[in-house]
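Read through the structure below, which is laid out as structure tokens, and then see the notes.
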């Protein structure tokens with residue numbers, strides 16, 4: 013019983029996940045002198061606001077080869093009244109340095125290094141387009157298609173997942189309230205979580221889609237990062253944004 | 235004939251070579267000794283008679299037969315060059331709605347009594363005319379140019395073939411699909427200006443019947459009213475002969491898919 017803890021006097025604490033809004037100081041270049049000067053100026057504008065504010069230092073915009081003096085950076089930040097709590101977007105070596113300074117290493121959706129993940133800029137909600145043709149509709153829980161979904165065809169499952177063991181042509185649409193799996197090239201449009209489920213995901217062997225959408229949040233082909241095009245990917249919704257990760 | 239096969243030549247997109255292919259294919263089958271009828275479904279924009287060179291002999295047409303204004307053998311035009319080959323021209327004055335489901339079926343059934351193969355030249359698009367041309371088909375030749383718009387339209391047609399034909403409605407084995415690439419230029423493919431055979435096959439994933447090279451012989455043949463397959467020395471003519479032979483079950487290697495090597499002989503003889 014998850015709620016029993018409240019009523020049980022023997023339990024000294026609850027341990028659960030939550031999220032806080034936290035400042036992230038994202039270093040744009042390896043120039044600590046300039047960063048120090050600019051930080052002083054920034055704090056001068058709103059000293060009360062920044063006083064004792066927890067901050068996470070992000071190194072994700074720096075080249076991996078660059079040697080940054082992490083200890084120096086942390087002391088610059090501390091000197092202005094911030095409380096550094098962790099770092100993110102760092103290399104393996106920097107992780108060790110952070111551990112030595114008792115700083116947490118945070119992996120945010122955008123912060124991971126070497127992790128082929130792409131996070132969409134801004135979520136856009138769109139209503140599902142009306143199906144062009146009379147849709148192939150499965151009332152059963154899930155549907156597995158073995159033939160290609162051709163341009164102009166629209167396949168919708170009422171419940172569960174949709175699996176296509178072939179390609180989905182450009183101009184075709186596939187829709188499911190659950191997950192969508194395409195074991196060929198996804199060239200058309202895929203709408204997972206069409207009933208609004210943010211937990212639905214899209215998997216495909218080759219991403220060449222015109223549009224992907226989860227729970228109404230979509231990305232069009234133009235928004236896909238070049239390095240994930242034509243790759244096997246996994247798409248999920250997290251924090252209101254679509255995340256594309258290489259499989 | 236109980237084994238009559240109805241073949242639709244289709245593409246979705248216009249101007250890719252459906253009529254050229256219908257004419258060449260029908261003549262190729264007839265030259266192999268099969269009694270063949272080629273039917274123009276492009277009512278209102280009839281072209282097949284021109285390509286076949288019989289436009290001056292059209293008296294009655296497909297729509298006349300459907301409307302019972304003429305008998306089928308009054309409308310069928312015998313090809314003067316090839317035994318076993320007959321043309322059923324389209325009407326130029328009517329519209330596609332004249333092709334009723336019952337009417338088309340009646341005419342095809344009557345053709346089945348005497349012919350081994352019925353080649354249906356589909357109009358472009360995915361409307362009624364194209365639907366009628368494909369509905370009764372047993373096999374389909376999907377004509378595609380090596381460019382993305384044509385490939386996408388072919389994909390669309392393949393979707394319709396798999397869902398909207400009589401064979402599917404009656405739960406029989408689906409229409410057998412063949413890919414025919416036309417206007418293919420290996421030189422342009424090698425320069426990256428055109429989709430390759432491999433690219434297109436990867437997208438459409440149906441068996442390749444043949445590749446017809448971009449050829450001056452096609453336009454010449456059209457303007458002379460002689461199906462290009464009759465020009466046995468032209469590259470396009472040879473490629474169509476290969477296709478017909480493959481269709482009839484022969485195993486023939488693909489030609490005209492690699493860039494030509496300029497030899498000293500081709501300079502002397504002006505190789506085609």
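Chains as they are written, first to last, in my numbering: chain A, 13 to 259; chain B, 235 to 506. Cβ coordinates follow ideal geometry from the N, Cα and C atoms, glycine included. Quick caveat, the model's predicted, so the values are computed rather than measured.
Inside the stretch 362-432 of chain B only - alpha helix (DSSP H) runs reaching at least 4 residues: 362-369, 382-395, 400-403 and 420-424
To the nearest angstrom, how far is the alpha carbon of residue 257(B) from that of residue 396(B)? Position 23 of the second chain, counting from 1, holds the residue named residue 257(B). Position 162 of the second chain, counting from 1, holds the residue named residue 396(B). Approximately 25 Å, taken between the alpha carbons.
Residue environment, residue 66(A), which counts as buried when at least 16 other CB atoms sit within 10 Å: Within the first chain, numbered from 1, the residue matching residue 66(A) stands at position 54. Exposed is the call here.
Using a Cβ-Cβ cutoff of less than 7 Å, which residues in the same chain neighbour residue 452(B) once the five nearest sequence positions on both sides are dropped? Start at 1 with the first residue of the second chain, and residue 452(B) comes out as number 218. So the qualifying residues of the chain are 254, 462 and 470.
Under 8 Å (Cβ pairs) to chain A, residues found in the stretch 396-413 of chain B: 396 and 397
Within the continuous beta strand (DSSP E) that includes residue 129(A), where are the two ends? Position 117 of the first chain, counted from the start, is the residue given in the question as residue 129(A). Segment 129-131, the beta strand (DSSP E) holding residue 129(A).
For the stretch 156-178 of chain A, list every residue whose C-beta sits within 8 Å of some C-beta in chain B, in sequence order. 159, 160, 161, 162, 163, 164, 165 and 178
Residue 403(B): buried (16+ other C-beta within 10 angstroms of its C-beta) or exposed? Taking the first residue of the second chain as position 1, residue 403(B) is located at position 169. Counting Cβ neighbours within 10 Å, residue 403(B) comes out exposed, since fewer than 16 surround it.
Who are the Cβ neighbours of residue 369(B) in its own chain at under 8 Å, not counting the five residues just before and after it? If you number the second chain from 1, residue 369(B) lands on position 135. Cβ neighbours of residue 369(B) beyond the five flanking positions: 335, 338, 398, 399 and 400.
I'd like to know if residue 199(A) contacts chain B, where contact means its C-beta is closer than 9 Å to some C-beta of that chain. Within the first chain, numbered from 1, the residue matching residue 199(A) stands at position 187. At least one chain B Cβ lies under 9 Å of residue 199(A).
In whole angstroms, what separates the C-alpha of residue 429(B) from that of residue 45(A)? Translated into positions along the second chain, residue 429(B) becomes position 195. Translated into positions along the first chain, residue 45(A) becomes position 33. Taking the straight line joining both Cα atoms gives about 54 Å.
I'd like to know whether the C-beta atoms of residue 357(B) and residue 330(B) end up nearer to each other than 9 Å. In the second chain, counting from the first residue as 1, residue 357(B) sits at position 123. In the second chain, counting from the first residue as 1, residue 330(B) sits at position 96. Yes, the Cβ-Cβ distance between residue 357(B) and residue 330(B) is below 9 Å.
Between residue 434(B) and residue 378(B), which are expected to be in contact by the criterion C-beta below 8 Å, what is the C-beta distance as a whole number of angstroms? One-based indexing of the second chain puts residue 434(B) at position 200. One-based indexing of the second chain puts residue 378(B) at position 144. Indeed they touch by this definition, with Cβ atoms about 6 Å apart.
Neighbour flag for residue 242(A) against chain B, beta carbons, 9 Å: By 1-based counting over the first chain, the position of residue 242(A) is 230. Judged by the 9 Å Cβ criterion, residue 242(A) is not in contact with chain B.
Below 7 Å between beta carbons is the criterion; list the residues of the stretch 423-442 of chain B that meet it against any residue of chain A, in chain order. 439
What are the complete beta strand (DSSP E) segments, minimum 3 residues, inside the stretch 154-213 of chain A? Every beta strand (DSSP E) stretch that sits fully inside the stretch 154-213 of chain A and reaches 3 residues is listed by chain position as 155-157, 166-169, 174-176, 185-187, 192-198 and 201-204.
Kindly list, in the order they appear in chain B, the residues whose Cβ is closer than 7 Å to that of residue 233(A). One-based indexing of the first chain puts residue 233(A) at position 221. The contacting residues do not exist; residue 233(A) stays about 13 Å from chain B at best.
Got a sec: which bits of the stretch 353-380 of chain B sit with their beta carbon under 9 Å from any beta carbon on chain A, in order along the chain? Those residues of the stretch 353-380 of chain B that come within reach of chain A (Cβ to Cβ, closer than 9 Å) are 360.
Less than 9 Å between the beta carbons of residue 240(A) and residue 219(A), yes or no? On the first chain, position 228 is the one that residue 240(A) refers to. On the first chain, position 207 is the one that residue 219(A) refers to. Closer than 9 Å, so yes.
With DSSP as the reference, label residue 320(B) as helix, strand or coil. Translated into the one-based positions of the second chain, residue 320(B) becomes position 86. Strand, per DSSP.
Nearest to residue 456(B) by alpha carbon, out of 244(B), 243(B) and 252(B)? One-based indexing of the second chain puts residue 456(B) at position 222. Nearest option by C-alpha distance: 252(B).
Could you tell me whether the Cβ atoms of residue 367(B) and residue 242(B) are closer together than 9 Å? Against the second chain, residue 367(B) aligns to sequence position 133. Against the second chain, residue 242(B) aligns to sequence position 8. Contact: yes.
DSSP three-state call for residue 75(A): helix, strand or coil? The residue given as residue 75(A) occupies position 63 in the first chain. Coil at residue 75(A), not helix or strand.
List in chain order: all unbroken alpha helix (DSSP H) runs of 4+ residues lying wholly within the stretch 269-296 of chain B. Runs found: 282-286.
Neighbourhood of residue 269(B) by C-beta distance below 7 Å, restricted to the same chain and skipping five residues each side: Here residue 269(B) corresponds to residue number 35 of the second chain, with the count starting at 1. Cβ neighbours of residue 269(B) beyond the five flanking positions: 318, 348, 349 and 350.
Given a cut-off of 9 Å, decide if residue 460(B) and residue 315(B) are closer than it, judged by their beta-carbon atoms. One-based indexing of the second chain puts residue 315(B) at position 81. One-based indexing of the second chain puts residue 460(B) at position 226. Contact: yes.
Residue 38(A): first and last residue of the uninterrupted beta strand (DSSP E) it sits in: Along the first chain, one-based indexing puts residue 38(A) at 26. Looking at the DSSP string, the run of the beta strand (DSSP E) that includes residue 38(A) is 35-38.
Relative to the C-alpha of residue 41(A), which candidate in 81(A), 195(A) and 160(A) has its C-alpha closest? Numbered from its first residue, the first chain carries residue 41(A) at position 29. Minimum Cα distance to residue 41(A) is reached at 81(A).
Please report whether the beta-carbon of residue 221(A) lies at a distance below 9 Å from any beta-carbon of chain B. Walking along the first chain from the start, residue 221(A) turns up at place 209. No - not a single Cβ of chain B is within 9 Å of the one on residue 221(A).
So what does DSSP say about residue 255(B), is it helix, strand or coil? Numbered from its first residue, the second chain carries residue 255(B) at position 21. Residue 255(B) falls in the helix class under three-state DSSP.
Using a cut-off of 7 Å between C-beta atoms, extract the partners of residue 515(B) located in chain A. Lying outside 235 to 506, the shown extent of chain B, residue 515(B) is not represented and no answer is given.
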